[in-house]
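J.: 18 is the number of the first residue of the sequence shown in my numbering; add one for each residue after it.
Submitted below is the structure of interest, expressed as structure tokens.
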Amino acid sequence: MAIESYERDDGLWDLEAKLVDFKSYDFTRSDGSVRKAGEAVHDMTICLTVEDSGLIVDANVHYDAAPYGDVCRSIEEAYKGFIGLHLLKGFRHKVRDKFAKTQGCTHMSELSVLIPTVFVQSLSRKRINDAVDGGRRPFQLEGCHAYSLDSPVVKKFYPQWYVPSTD
């Protein structure tokens, strides 16, 4: 799996998630053909176009390889349903509801729920700078152990928000 983000010239972001998996052995497929070791079983891509806010304004998914070929590919259009969702406001829950069971592809849906993390990382420097410049505490503080207010990371990079441990 790989997820990459690209800032576009128009100020939007493209987030591209890709899943490729292989078997280390030959196996007989349901149609009787043999898939050779090292041939992709799944090779799927999600591309979301997103505003700085996290609102998804375009979505495309496709399969370069799928275990059931055109049957798997027939669900691609359903994933236009990503449009209008917000990566930072209940995205994972909404994906699980909207594309549950026969309404989606398990692999495509599971791949999609990783995208918000990459989006946050893509915009983190901008969001941190905006917060600090505006006198607000950066969003990531208290979000994980490295960013606890008494950590050496906070002491070094955000001394104005550092709070010594009372232990």
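No residue lacks a Cβ here, since even glycine has one placed at the ideal position from N, Cα and C.
The model shown is predicted, which means the values in this text are computed figures rather than measured ones.
Helix or strand or just coil, what does DSSP make of residue 25?
T.: Coil, per DSSP.
J.: Check this for me: beta carbons of residue 92 and residue 122, under 8 angstroms apart or not?
T.: Yes; because the gap between Cβ atoms is below 8 angstroms, this pair is in contact.
J.: Taking the straight line between their C-alpha atoms, what separation do you get for residue 177 and residue 169?
T.: Whole-angstrom Cα-Cα distance: 13 angstroms.
J.: Using 8 angstroms as the threshold, is the stretch 67-77 in touch with the stretch 28-40, meaning 3 or more CB pairs across them?
T.: They touch, by the three-pair rule.
J.: Starting from residue 62, follow the beta strand (DSSP E) in both directions and report where the run begins and ends.
T.: Segment 57-67, the beta strand (DSSP E) holding residue 62.
J.: Residue 39 by DSSP, collapsed to three states: which one?
T.: Of the three classes helix, strand and coil, the one that applies to residue 39 here is strand, per DSSP.
J.: Are any of the Cβ atoms in chain C nearer than 8 angstroms to that of residue 21?
T.: Annotation note: the requested chain C is absent from the structure, which comprises a single protein chain.
J.: Where does residue 81 fall in DSSP's three states?
T.: Residue 81: strand per DSSP, three-state reduction.
J.: How is the alpha helix (DSSP H) around residue 169 delimited, first residue to last?
T.: From DSSP, the alpha helix (DSSP H) with residue 169 extends over 169-174.
J.: Looking only at C-alpha atoms, which of 95, 46 and 110 sits nearest to residue 86?
T.: Residue 86 has its Cα closest to that of 46, out of 95, 46 and 110.
J.: So which of 39, 132, 57 and 158 has the shortest CA-CA distance to residue 73?
T.: Closest by alpha carbon: 132.
J.: Work out the CA separation of residue 174 and residue 39 for me, nearest whole Å.
T.: Those two C-alpha atoms are separated by around 43 angstroms.
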